[in-house]
Amino acid sequence: MMILDVTEKADAAIRQFLENRTGSSTIRILRQNALGPGLAMVIDEPGEKDLTVTVRNIAFAINRDLLDKARPIRIDFVECGGRKGFLLTSSLPTGGCG
């Protein structure tokens, strides 16, 4: 089973973001609890509890426990109504109200 799928649009957007960066270029995938269930990305160094996955020469770090719960993870880049950004989908429950 695939652990991490990065679309071509997301790959291009990440490369553009990293192009002029100095320092770490590892993308951490983490739980986004503050804004609701789901995943987010930040620049960070991998830790000892992380698995580092390289996709087309871009390194992604994710906590092994989170990966076990979230896999497979898909990263896409979407544009809608003048807004654009990364969309991370996984097998994590998205919650909801009702």
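Convert by adding 352 to the 1-based position in the sequence shown; the result is the number in this note's numbering. Backbone N, C-alpha and C define an ideal beta-carbon position, used for all residues, glycine too. Just so you know, these numbers come straight off a predicted model, no measurement behind them.
Under a 10 Å Cβ-count criterion, residue 366 is classified as buried, with 16 or more other Cβ atoms of the shown protein chains found around its own Cβ.
Here the alpha carbons of residue 380 and residue 362 stand approximately 15 Å from one another.
DSSP, reduced to helix, strand and coil, places residue 419 within a helical segment of the structure shown. Residue 410 is bridged by DSSP to 407. A distance below 8 Å separates the beta carbons of residue 414 and residue 403.
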